[in-house]
């Protein structure tokens, strides 16, 4: 109920005067027809069908039933409007009660608009959210005296608030979230007794005395102050807001104790104060009237009050990441659907009564000191989708009753002391995407029936006592990305592995012997660990032909012969194979597995490039080599001559006349047909260099028309999406300039970037050392590009944000590539979790293992990894360990952060080191395990600006 009331809060004041029946309306009052016609011409929107003579039938126009009819509501959200000078015309609709202009591109509100609309006595709602408004609030806004609802959220507004809105005496709902406002929380908003909803989240409001002052708004039902810079404590006087239903104080710098008398607020249903620095105990009785409580990521101590979880209305409790100790209370509300108590110091056993919570969907008790057995009664949780009991001291066998959890998507029981065999009942969990039973004491064999988990994306059974062979049925999996079987006692033949494996395959520390089998030839695999076995013979050439491989660990076997030549991006570790010789890099010792093996081919090509520098060829050669390494290109040969792609349609997307005169579509297809122009290949595309007759060079990207994941069945929609992407204008985003359709493919044209990728600069010793000012500029640029993409009317999310997808125009100018893929790839056609399409190893947000959609929070996680690469100089994965997980292990040891910064840049000055530590704090918040704990995109940009 609390959640629902929050969601519908905005409608509380709108519905009474906005509802109008959807029926054919009578003729408009005199003059309004011509006014609406003039407005249509001024707005120049294609979404209004002006061929219909009755404006009441136009999209977003609502009229009264009376005869003659009057226009009462204009909902022009997402109409792609940007001409602010046309806005005053709207105010000529003198019967207007509601005006929604959200999701457009207005950059200012003209003074005439405010003056003219101030004369509309019936105007009650004004919504400018999601535009590009900048600067301070117009002081004339106070002239809109009858306004009851004002929404200016998701803009670029700044400055203070109070004086600009004092005259809005009837204001009931104000939303200024996601802007750049600063100063104190406003306390003089019209008649303070009228205000009922105040949303000020994601700004820079600050101060320690604001909360005592906020109580002037006696009728508030919703107060959201999250993601600001508020400090100090929450006063007991907050309880004087007796009508408050939703109170959100998350992500500030609040200290002291959680007010003990919140239990007296009878209407308060939702209280969130997570990600602050509250100390002391959780107050007794705080959940007396609550439905939602979130106090996670604080420093609360003591035990959980016995009655805290038992109140009948309670639906969601999150106390994770605190310092709580003692047992979990056994008296629990039957309405709970979310219970998060992970990352505390709780002890004792898991209460069996949890098994009675039939509505429970999320149970997270990880990283505590819980002991005893996993209760068999957990099998009664019919709606459970996520079970995380990892990193405790649980013992005994896995109860077969867990096989009754038919809706379970994620099961994490790693890092316990569970023994016995894996019950075959678990293999009936048809919705399971992630199964982690690693680091326990499980024994027996891996049952063949494990293949019944047909949707499984990640299977981790490492560090147990499993024996026998890997079942042949393992190859049946179609969506398995990651398989961890290391540190067991497995032996025998290695069967055919799922071709879907892409993240990692770990068979290390087992008893496998004989030659490395061809069943390990996996075209999508990035990490393969075969170390600490008894493999013999030569290293097979098929390993060198695996296009996606980035890390191969062969150490501590009995291999012999000559190591094949791997591609330049592959790290090969082969220590303690005394018969194995590496003739490709003689300077690297086989006993130095930590060093990167660099193919001599690169050395030869760079040497040739250096010799040619006088003729200007070197840069082109280097770009060619680097691009091929980045895109993991297979040395493919495309058909030439008579089989050149035939242009069906060529369209210029960019209105720049320079490109229009330079791009020759037929010549481009000739260039694409030349195998020497292949720059590289990514997961979805092949890249070519195309030189035009006028001397300009473009980068051409080919998408496979026949691939089922592309939305090319509907060519009209495909063209629309490309044209929309072509209109994007941001210095940090690569937008297509043109495209060509052929019978079986589409080719996208981009400016040719000569400086290769961020990954190459950071990890491949390109010669240009990136100092911290350069790295900081790159971080800001990527954040600005990401904020731009996420802030569009129809947000663009990135399928694969990595340092390899950031092209460098210069050492300080990054460009985000592949932004259009989100629009032209149909994710619904993927048969597994979204992680089978989105992301590269080391950058994939944890929740992608069990979700079916790309999210902004997932992009933020990937960006956090990029920040960590800039800060530490380390790659996203090293020796099988993800950089994000490694960095998070330092999150609570702030004094040790300096030790993990890149020593080549952090010692430049105290100022540099201080700024890097500030950015480290941002990076760690971005790679939080929990999606909801990560900052929003715009807030990340703000924090980076503040780190200057």
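Numbering (mature numbering (1 follows the signal peptide of the UniProt record, and there is no 0)), first residue to last: -26 to -1, 1 to 922. Just so it is clear, CB atoms sit at the ideal spot from N, CA and C, and this is done for glycine as well.
Query, Result
"Own chain, CB closer than 8 Å to residue 727, minus 5 neighbours either side, in chain order", "673, 708, 781, 782, 783, 789"
"Neighbourhood of residue 858 by C-beta distance below 6 Å, restricted to the same chain and skipping five residues each side", "839, 901"
"Residue from 539, 543, 534 whose Cα sits closest to the Cα of residue 550", "534"
"Exposure label - residue 256; buried when at least 16 CB within 10 Å", "buried"
"Nearest to residue 395 (by Cα), restricted to the options 898, 385, 381, 411", "411"
"CA-to-CA distance, residue 278 to residue 294, given in whole angstroms", "12 Å"
"Proximity of residue 662 and residue 651 at Cβ, strictly below 7 Å", "yes"
"At least three beta-carbon pairs within less than 8 Å, the region 188 to 206 to the region 158 to 178", "yes"
"Beta-carbon gap between residue 897 and residue 862 smaller than 7 Å", "no"
"Environment of residue 297 [buried if 16+ CB atoms lie within 10 Å]", "exposed"
"Three-state class that DSSP yields for residue 437 in the structure shown", "coil"
"Bridge partners - residue 275, DSSP secondary structure assignment", "255"
"Identity of the residue in 281, 530, 386, 710 nearest residue 677 by Cα", "710"
"DSSP bridge partner residues for residue 245 (one or two, in chain order)", "221, 267"
"Residues bridged to residue 723 [DSSP beta-bridge criterion]", "674, 712"
"Top-ranked residue by Cα proximity to residue 877, from 852, 844, 908", "844"
"Distance, residue 337 Cα to residue 682 Cα", "Because residue 682 sits at a pLDDT of 44, beneath the cut-off of 50, its placement in the model cannot be relied upon, and the following sentence gives the value as read from the coordinates. Straight-line Cα distance between these residues: approximately 37 Å."
"Nearest candidate by alpha-carbon position, reference residue 848, set 733, 133, 54", "733"
"Residue 830 to residue 724 span [Cα, whole Å]", "25 Å"
"Proximal residues to residue 645 (C-beta, below 8 Å), its chain only, five neighbours per side dropped", "651, 662, 663, 664, 665, 674"
"Cβ pair residue 914, residue 757 closer than 7 Å", "yes"
"Residues near residue 555 in its chain [Cβ-Cβ closer than 6 Å; skip 5 each side]", "536"
"Rounded straight-line distance, which links the Cα of residue 423 to that of residue 447", "8 Å"
"Helix, strand or coil at residue 377 [DSSP, three-state]", "helix"
"Assumed close pair residue 344, residue 362 - CB separation to whole angstroms, cut-off 8 Å", "Contact doesn't hold; Cβ gap of about 12 Å is too wide."
"Exposed unless 16 or more other CB atoms sit within 10 angstroms - verdict on residue 879", "buried"
"Where residue 35 falls: helix, strand or coil (DSSP)", "strand"
"Minimum C-alpha distance to residue 34 - residue among 26, 42, 53, 66", "53"
"Residue 909, buried or exposed, once every other Cβ within 10 Å from all chains shown has been counted against 16", "buried"
"C-alpha gap between residue 129 and residue 697, whole angstroms", "25 Å"
"Alpha-carbon to alpha-carbon, residue 457 and residue 512", "24 Å"
"Boundaries of the beta strand (DSSP E) in which residue 478 is found, first to last residue", "478 to 480"
"Residue 101 - containing beta strand (DSSP E), residue span", "99 to 101"
"Among 398, 38, 13, nearest to residue 1 - alpha-carbon criterion", "38"
"Cβ shell of residue 865 (< 8 Å), same chain only, five flanking positions each side left out", "898"
"Spatial distance of residue 160 from residue 140 (CA atoms)", "10 Å"
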